[in-house]
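Just so you know, we're using the numbering used here here: the sequence shown kicks off at 62 and counts up by one. Written below as structure tokens is the structure these notes are about.
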Amino acid sequence: MPITPSSYHDVVIAGAGPVGLFLAAELRLAGCSVLVIEQAPDPDTAAKHAPFGLRGLSPATIETFDRRGLLAALERRAAAPVAAVASSVPARPGERRSGGHFAGIDLVLDHVDRARWHHRLPDAAVPIAVDLAGIEAVLLARALELGVTIRRGLAVSAVDDAGDHVRVRAGGGEVRAGWLVGCDGGRSVVRKAAGFGFTGTDPEFTGYFAEVTLTEPDRITPGQHDTAAGTLLYAPPGIVRMAVFDGGAHHRAGPITRDHIQAVLRRLSGADVIVSALGLATTWTDRACLASSYRRGRVLLAGDAAHIHSPLGGQGLNLGLGDASNLGWKLARVALGVAAPRLLDSYERERRPVAAQILDWSRAQVAIMRPSPGARALRAVVADLIATRDGATYVAERVWGVGLRYDLGDDHPLVGYSAPDLTLDDGTRLNDHLRDGRPVLLDGGDDAAVRREVAPYRDRVTCFAARADHPLGCGALLVRPDGIVAWASGEARGAAGLASALSRWVSGG
Ligand SMILES: Cc1cc2nc3c(=O)[nH]c(=O)nc-3n(C[C@H](O)[C@H](O)[C@H](O)COP(=O)(O)OP(=O)(O)OC[C@H]3O[C@@H](n4cnc5c(N)ncnc54)[C@H](O)[C@@H]3O)c2cc1C
62 MPITPSSYHD
72 VVIAGAGPVG
82 LFLAAELRLA
92 GCSVLVIEQA
102 PDPDTAAKHA
112 PFGLRGLSPA
122 TIETFDRRGL
132 LAALERRAAA
142 PVAAVASSVP
152 ARPGERRSGG
162 HFAGIDLVLD
172 HVDRARWHHR
182 LPDAAVPIAV
192 DLAGIEAVLL
202 ARALELGVTI
212 RRGLAVSAVD
222 DAGDHVRVRA
232 GGGEVRAGWL
242 VGCDGGRSVV
252 RKAAGFGFTG
262 TDPEFTGYFA
272 EVTLTEPDRI
282 TPGQHDTAAG
292 TLLYAPPGIV
302 RMAVFDGGAH
312 HRAGPITRDH
322 IQAVLRRLSG
332 ADVIVSALGL
342 ATTWTDRACL
352 ASSYRRGRVL
362 LAGDAAHIHS
372 PLGGQGLNLG
382 LGDASNLGWK
392 LARVALGVAA
402 PRLLDSYERE
412 RRPVAAQILD
422 WSRAQVAIMR
432 PSPGARALRA
442 VVADLIATRD
452 GATYVAERVW
462 GVGLRYDLGD
472 DHPLVGYSAP
482 DLTLDDGTRL
492 NDHLRDGRPV
502 LLDGGDDAAV
512 RREVAPYRDR
522 VTCFAARADH
532 PLGCGALLVR
542 PDGIVAWASG
552 EARGAAGLAS
562 ALSRWVSGG
């Protein structure tokens with residue numbers, strides 16, 4: 062059934078991938094009417110299940126899910142439950158637990174010195190792996206439970222920003238909305254239709270992920286092989302990951318055939334292996350591009366629609382979910398008329414530099430994967446560095462997103478960081494209080510000045526009197542709906558700065 066011109070929504074989202082679904086739930090939680098338009102009639106595909114669909118979720122993402130009460134559902138789908146990879150659980154003798162990788166160089170979890178991150182609690186989350194099918198199932202259930210409308214089998218084809226609303230064409234029909242967000246992936250139609258620039262660097266390689274049956278699997282040694290043409294990672298009995306430095310020529314160049322995979326595998330392994338059967342196979346490249354802006358009028362971008370890069374290091378989804386978490390509450394306030402549109406400026410200001418950094422992080426990995434003597438030499442140096450405690454901690458900080466700090470114009474050591482999930486003296490955790498997506502003010506027990514400042518905002522801020530025992534000794538804290546510390550008290554600071562933080566992040570002033 063086509064969508065009808067009479068239907069109006071506060072926000073329309075193009076794309077029901079993980080970013081579109083999470084954003085939809087965030088907007089609905091804040092009270093917006095939300096329509097999601099998805100071109101695929103059926104969300105479930107084999108490529109979204111393990112092993113192809115496995116996605117590493119960073120601590121930043123895990124905390125985001127925890128704040129909305131979604132972590133337990135996600136853990137049930139996790140390849141490795143959170144507790145099993147947390148450092149409090151001893152490794153089996155000889156086991157090296159991985160905390161991610163840089164250009165295929167393993168990051169050993171036990172080498173990471175988490176005590177250096179003073180803005181985080183010692184037992185804060187570490188990464189887990191969950192398949193995309195599981196992530197989408199959890200987010201879909203959440204969105205539907207909150208009352209998001211999802212229309213599948215309709216592709217957004219045109220966008221018209223009329224100034225006071227936006228018209229969206231899809232599947233032969235048209236719908237009007239206050240705002241449109243393109244969460245429609247790397248080849249975003251919304252991005253193109255709304256005239257966003259999208260620039261960056263061309264691909265150097267074609268990446269392959271394939272499920273193969275080999276007649277003589279022993280002819281290839283398991284593990285990573287760096288060769289004169291590219292890299293091969295063989296995980297017996299039948300998973301191969303390959304990168305061939307061909308300028309991305311074979312990505313989407315036609316169907317991926319058994320003969321082609323066999324030829325690539327022979328070239329990279331140097332062995333005359335026979336691929337007797339080919340299961341699932343996909344290709345990708347290391348093309349890295351970033352949208353020139355994240356908002357044009359009433360149209361915004363989030364997730365892969367705003368940034369693409371190689372999947373090396375597993376950061377694209379985490380980056381996109383970070384966009385949705387940052388954007389959801391801000392857009393809801395603007396769409397509902399509670400805050401001025403300038404609140405949305407902080408979305409691009411905070412998120413675009415994060416994407417630019419991650420694009421560079423993925424380019425740096427490609428640079429040491431190139432099949433050249435110089436790149437190989439550099440790779441050996443980087444591997445040595447990652448094997449040290451300093452190196453592993455540095456890489457983990459970047460890959461896990463735990464070093465992310467927004468510049469909110471306040472140099473308190475917690476402000477701008479993801480709020481630590483403090484245990485409070487009433488037995489609750491800070492994250493429990495963020496479930497409903499409202500800002501939270503922990504008033505530190507009994508601070509009259511803090512209470513005075515927050516009084517005009519009590520209808521819009523969850524306030525509670527509790528103390529937390531934190532190494533940084535924070536008394537009172539103001540936490541944005543996305544879990545970012547917007548203000549914190551400190552020695553001889555009293556409530557200074559709280560009024561402007563409330564005005565900025567609660568009123569959008
Ligand atoms: C092999 C591989 C491994 C990866 N591993 C990781 C990892 O470990 N960790 C990580 O963080 N990231 C990883 N990524 C990246 C991650 O999968 C993506 O960044 C993430 O899926 C992007 O989510 P999204 O919702 O923005 O876009 P998508 O998942 O692409 O969803 C976009 C949705 O929009 C729909 N759509 C498209 N066009 C239209 C239209 N015109 N109208 C309506 N709907 C439309 C699509 O059907 C789709 O459902 C990996 C990627 C690959 C390829």
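Ideal Cβ placement from N, Cα and C applies to all residues, glycine included.
Shortest gap from the CB of Arg116 to any heavy atom of ligand 1: under 7 angstroms.
DSSP places Thr125 in the helix class (H, G or I) of the three-state scheme. With respect to the C-alpha of Ile300, the residue from Arg512, Pro372, Leu326, Gly224 having the closest C-alpha is Leu326.
Rounded to the nearest whole angstrom, the CA to CA distance from Gly291 to Arg431 is 7 angstroms. The C-beta of His179 has fewer than 16 other C-beta atoms within 10 Å across all chains shown, which makes the residue exposed. Asp263 sits exposed, since fewer than 16 C-beta atoms from the chains shown fall within 10 Å of its C-beta. Between Asp171 and Ala111, the CB-CB gap reaches or exceeds 8 angstroms.
Leu420: member of the alpha helix (DSSP H) spanning 406-430, first to last residue. Using a Cβ-Cβ distance cut-off of 8 angstroms, the segment 379-399 and the segment 277-293 are not in contact, since fewer than three pairs of beta carbons, one from each stretch, lie closer than that value. For Asp103, the shortest C-beta to heavy atom distance toward ligand 1 is 7 angstroms or greater. CA-to-CA, the gap between Tyr355 and Glu409 works out to about 6 angstroms. If you draw a straight line from the Cα of Leu495 to the Cα of Asn387, it comes to about 14 angstroms. Minimum Cα-Cα distance from Glu265 among the listed residues Val415, Arg348, Pro434, Asp245 corresponds to Arg348. In this structure, the CA atom of Gly506 is about 12 angstroms from the CA atom of Ser550.
Put simply, of Leu200, Gln100, Val442, Leu215 the residue whose alpha carbon is nearest the alpha carbon of Val209 is Leu200. In this structure the segment 241-257 does not touch the segment 302-316; the number of beta carbon pairs closer than 8 angstroms is below three. In the structure shown, the three-state DSSP call for Ser386 is helix.
Val80 and Thr343 have their C-alpha atoms some 21 angstroms from each other. Bounds of any beta strand (DSSP E) do not take in Leu563; it lies within the alpha helix (DSSP H) bounded by 559-566. Inclusion of Ala363 and Asp384 in the CB contact set at 8 angstroms is warranted, their separation being smaller than that value. A straight-line Cα-Cα distance of about 25 angstroms links Leu446 and Asn379.
Separation of the CB atoms of Val476 and Ala547 is rounded to 7 angstroms, and the pair is thereby assigned contact status at 8 angstroms. Here the alpha carbons of Ile166 and Arg459 stand approximately 15 angstroms from one another. Arg212 and Gly256 have their C-alpha atoms spaced approximately 25 angstroms apart.
Of the candidates Gly261, Arg521, Val567, Pro481, the residue whose Cα lies closest to the Cα of Ala529 is Pro481. In the DSSP annotation of this structure, His494 is not part of any alpha helix (DSSP H), being labelled neither H nor E.
Unbroken beta strand (DSSP E) runs of no fewer than 3 residues, entirely contained in the segment 215-261, are found at 217-222, 227-231, 234-243, following chain order.
Boundaries for Tyr478: no beta strand (DSSP E) harbours it, and the DSSP string shows neither H nor E there. Annotation: Arg129 to Ile123 spans about 10 angstroms, alpha carbon to alpha carbon. Looking from the CA of Ala107, the closest CA among Ile545, Leu215, Gly195, Gln376 belongs to Gly195. The three-state secondary structure of Gly114, taken from DSSP, is coil.
Excluding five sequence positions before and after Leu405, the CB atoms of its chain that fall closer than 7 angstroms to its own CB belong to Arg356, Lys391, Leu392, Val395, given in chain order.
Between Thr274 and His312, the beta carbon gap of about 24 angstroms keeps them out of contact (Cβ cut-off 8 angstroms). The distance from the Cβ of Thr454 to that of Arg158 is about 15 angstroms, inconsistent with a contact at the 8 angstroms cut-off. In this structure, DSSP gives Gly358 a state outside helix and strand, which the three-state scheme calls coil. With a cut-off of 7 angstroms, the C-beta of Glu87 is classified as distant from ligand 1, since no heavy atom of the ligand falls inside that distance.
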